[in-house]
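Asker:
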Amino acid sequence: MRLRMASGWLGGLLVVALAASAVAQAPSAVKARPAWNVAEATARLIVTKEQDDFFLTRLPARTGDKPVAAVRAFVLTNEVMTRVVWSDESQVTVMVDVRDAKRGQLVKIYAVPGDKRAEPGPSTLVDPTPLRGRAQRTAGMDLPRSLADVQMLETRVDGRPIWFTVSDSSKLPTTFKDWYRGDWTRKNHLVDLQTWLVIPVAGRYRFGLAGVASAWLLIDGRPVLEHPAHQPYDKWTSGEDVLLEPGLRRLQVRTVCRQEIDTGLAWKRADEPGAATNMVMLTGGDLREGRWETLDRIVHPFATAESGAAYRFAGVDEVFVPFTLKDGSSCWGTNHVARWHVRGGQELGSGVTVATVLRKSQLPAGVTVTAAAASGETASYEAVLAYDGPVWSEAEVSTRITGIPAACYVDDRVHPIIRVRTTAADGLPYDLVCDFEFTDGSRTNRTDQLVTDRGWARVHLSEMEAGTLARLSWSLRHHGVEVNRGAARFLR
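In this note's numbering, the protein residues as written are 776 to 1267.
1) Can you check whether the CB of S1248 is closer than 7 Å to the CB of A1262?
2) Tell me whether L1100 counts as near the ligand ATP, meaning its Cβ is closer than 6 Å to at least one heavy atom of that ligand.
3) Leaving aside the five residues before and after P919 along the sequence, list all residues of the same chain whose C-beta is less than 7 Å from its C-beta, in chain order.
4) Per DSSP, what kind of secondary structure is H1254 in: helix, strand or coil?
5) Rounded to a whole number of angstroms, what is the C-alpha to C-alpha distance between R892 and S1150?
6) Grab me the residues of T823's own chain with a C-beta within less than 7 Å of its C-beta, minus the 5 sequence neighbours each way, in chain order.
7) Helix, strand or coil: which one does DSSP assign to V867?
8) Would you identify the three-state DSSP class for A1241, choosing helix, strand or coil?
9) So, A1140 versus P1076, is the Cβ gap smaller than 7 Å?
10) For D943, I'd like the list of residues in its chain whose CB is within less than 7 Å of its CB, leaving aside the five on either flank, ordered along the chain.
11) Less than 7 Å separating the beta-carbons of M1056 and T1174?
12) Going along the chain, which residues of its own chain have a beta-carbon closer than 8 Å to the beta-carbon of V855, five neighbours each way excluded?
13) Determine the closest residue to P948 out of S1136, V1127, I1036, A1181, with distance taken between C-alpha atoms.
14) Is the distance from the Cβ of I1073 to the Cβ of E1152 below 7 Å?
15) By the DSSP assignment, the alpha helix (DSSP H) with S1055 in it spans what residues?
16) Measuring only the C-alpha atoms, how far is I1193 from R1087?
17) Give the DSSP-derived three-state secondary structure of S944 in the structure shown.
18) Taking G832 and L820 to be in contact with their CB atoms under 8 Å, please state how far apart those CB atoms are, rounded to whole angstroms.
19) When the cut-off is 7 Å and only beta carbons count, does S1125 lie next to chain B?
20) For the structure I just gave you, are there three or more beta carbon pairs, one from the stretch 885-901 and one from the stretch 1033-1048, closer than 8 Å?
21) Please list, in chain order, all residues of the same chain as C1183 whose beta carbon is under 8 Å from its beta carbon, the five residues on each side excluded.
22) Is it true that the CB of L1160 sits closer than 7 Å to the CB of A1080?
23) Taking 7 Å as the threshold (C-beta atoms), are V1144 and W1115 in contact?
24) Take L1266 as the anchor and find which of Y885, A810, T1243 has the nearest alpha-carbon.
25) Three Cβ pairs or more, each shorter than 8 Å: is that satisfied between the stretch 928-939 and the stretch 997-1017?
26) Whole angstroms is fine: what's the gap from A845's alpha carbon to G896's?
27) Can you give me the C-alpha to C-alpha distance between M1239 and D1215, rounded to a whole angstrom?
28) For R1084 and P842, what's the separation of their Cα atoms in angstroms?
29) Just reading off the beta strand (DSSP E) that A845 is part of, what are its end residues?
30) Decide if A801 is buried, meaning its Cβ has at least 16 other Cβ atoms within 10 Å, or exposed.
31) Measuring alpha carbon to alpha carbon, tell me which of F982, T1219, A1170, R1221 ends up nearest P1048.
32) Put S796 into one of helix, strand or coil per three-state DSSP.
33) L922 by DSSP, collapsed to three states: which one?
34) Quick one: residues in its chain with C-beta nearer than 6 Å to the C-beta of S1168, no 5 flanking neighbours on either side, listed in chain order?
35) Tell me whether S1150 sits in a helix, a strand or coil according to DSSP, three-state version.
36) Measure the CB-CB distance between V1258 and V1091 and report whether it falls below 7 Å.
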């Protein structure tokens, strides 16, 4: 059995895919954990509530040999409201109301099979505040001129972010005044807005932004409109028509403000005079992934990944992105071991939590967790990692050779030492690859692994006679990328 699902992350985009394969085992005597609430359902999705009171999630359009005819959700034993907002041949997208649940509680979403696939119906469930915002104080007083400037401001934030939801963009000014605690310098606050639209039919749509501050509109992560700074608050900027296919579309606005958010957001069909009345904001909650569980298996794999602060080295184009991988698999009736590997074969070890670093040029990259139960059943989940956030730091690194005199006899013994100095954080792994060229024409090399202590490290190479060595070169590498190199030639 194979299932695939996909979604995204705000701020540093994380996309996740599911690829479950297992050795089938009938767990008839095994009790589901947590308890199974819907007897007619054979599969469910387990999602952990975060900060959003409403969120979106996707289920396969079929369970077994039948289509998903209805979706029901429970928190503990209490049923919560759901609404099918979109469906197609592969997936059913559902909005879930979890206002009464506490953060960290499990939400159990059941796919109930039937004769006909569930279709979007009347708006029985409505998010009253479908525009979500996140604001955080950042450095500087000038308004950004590009999205690159906005990403730079991300690396200069201080204090905790403030989250809020409003019914529409006209209510944004009231949110900022409630929590603004600025000083006379009126520092910028970085603001990210998010909502989801249901596009009923394919066509060309036009979007508009307004406000004093500069702002950028992104649809499904793609920039489509830029609003310049220092405009009258009621002057609108409209971009070119955007061709959109039917379905769910995520709208994000990136902007800054000092005292209050005055950003306006509007949209319409390109061939119609007024605003699109059949395209209302759905919710500002995230599209969430979860653990897919079925009654015919005891192992249900799942994993989450969180990106850290990306960094680079001066003079090197490559960017390094740290990820923290967490196993969220469930195993009914017994325990399991989680093993991790990168698509292509690189092993990352085993454990509930694994830290790794990937090069940005390698992204998106698939990382698979394989959950192996004590009973012998196994199942795998693949997370496809991506990153579109800023570079948070740039480190300097240098190397030099010591232990070799400027002049010596050919039979003198020399003991080369490669010394490393860097401004990068301690604990980062490096490989020092040294290549020896001898006077008789032979060559050899060695690789030493090292980490720095307070920014320093040194590697003692083999002792040898000076007269036997013609050239010594070295390359300092971080995750396979050369960050510094050097060479010493022995002249006669």
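Beta carbons are placed, not taken as given, at the ideal position from N, Cα and C, and that holds for glycine.
Answerer: Checking against the coordinates, here is how it stands:
1) It is a contact, given that the beta carbons lie within the stated cut-off.
2) You won't find the ligand ATP in this model; it holds no ligand whatsoever.
3) In the same chain as P919, and ignoring 5 residues on each side of it, the C-beta atoms closer than 7 Å to its own belong to V925, L928, S989, V1031, in chain order.
4) H1254: coil per DSSP, three-state reduction.
5) Cα atoms of R892 and S1150: separation of roughly 36 Å, rounded to the nearest angstrom.
6) Once the five neighbours on either side are set aside, the close Cβ partners of T823 are G879, L881.
7) In the structure shown, V867 sits in a strand (DSSP, three-state: E or B).
8) Note: A1241 maps to helix in three-state DSSP.
9) Contact flag unset, no.
10) Closer than 7 Å at the Cβ level, and outside the excluded window around D943, lie L906.
11) Cβ distance not < 7 Å, so M1056 and T1174 don't count as in contact.
12) Here the set comprises A848, F849, V871, D872, V873, D875, A876, V882.
13) Comparing Cα-Cα distances from P948 to each of S1136, V1127, I1036, A1181, the minimum goes to I1036.
14) The Cβ atoms of I1073 and E1152 sit closer than 7 Å to each other.
15) The sequence as given places Val at residue 1055; Ser does not occur at that position. It is not in any alpha helix (DSSP H) - V1055 carries neither H nor E in the DSSP assignment.
16) If you take the alpha carbons of I1193 and R1087, they lie about 22 Å apart.
17) It is helical.
18) At residue 832 the sequence reads Thr, which differs from the Gly that was named. Contact between T832 and L820 is confirmed by a C-beta separation of about 6 Å, below the 8 Å threshold.
19) Among the chains in the structure shown there is no chain B, since it carries only a single protein chain.
20) Using a C-beta cut-off of 8 Å, the stretch 885-901 makes no contact with the stretch 1033-1048, since fewer than three inter-stretch Cβ pairs fall below that distance.
21) Excluding residues within five positions, the ones whose Cβ falls inside 8 Å are V1189, A1241.
22) Result yes, Cβ atoms of A1080 and L1160 sit closer than 7 Å.
23) It is a contact, given that the beta carbons lie within the stated cut-off.
24) Distances from the alpha-carbon of L1266 to those of Y885, A810, T1243 put T1243 closest.
25) No: the two stretches stay apart, fewer than three of their Cβ pairs being nearer than 8 Å.
26) Between A845 and G896, the C-alpha separation is close to 11 Å.
27) When the Cα atoms are used, M1239 and D1215 turn out to be separated by approximately 14 Å.
28) Correcting the residue type first, residue 1084 is Ala in the shown sequence and not Arg. Straight-line Cα distance between these residues: approximately 42 Å.
29) First-last of the beta strand (DSSP E) with A845: 841-850.
30) Its pLDDT being 46, under 50, A801 is placed unreliably by the model, and nothing is read from it.
31) Residue F982 is the option with its Cα nearest to P1048.
32) Reliability of the predicted coordinates at S796 is poor, the pLDDT of 42 falling under 50, and the value obtained from them is presented with this limitation in mind. For S796, the secondary structure class from DSSP, reduced to helix, strand or coil, is coil.
33) Note: L922 maps to helix in three-state DSSP.
34) When the five nearest sequence neighbours on each side are left out, the beta carbons in the same chain lying within less than 6 Å of the beta carbon of S1168 are those of Y1086, in order along the chain.
35) The answer is coil: DSSP assigns S1150 none of H, G, I, E or B.
36) Result yes, Cβ atoms of V1258 and V1091 sit closer than 7 Å.
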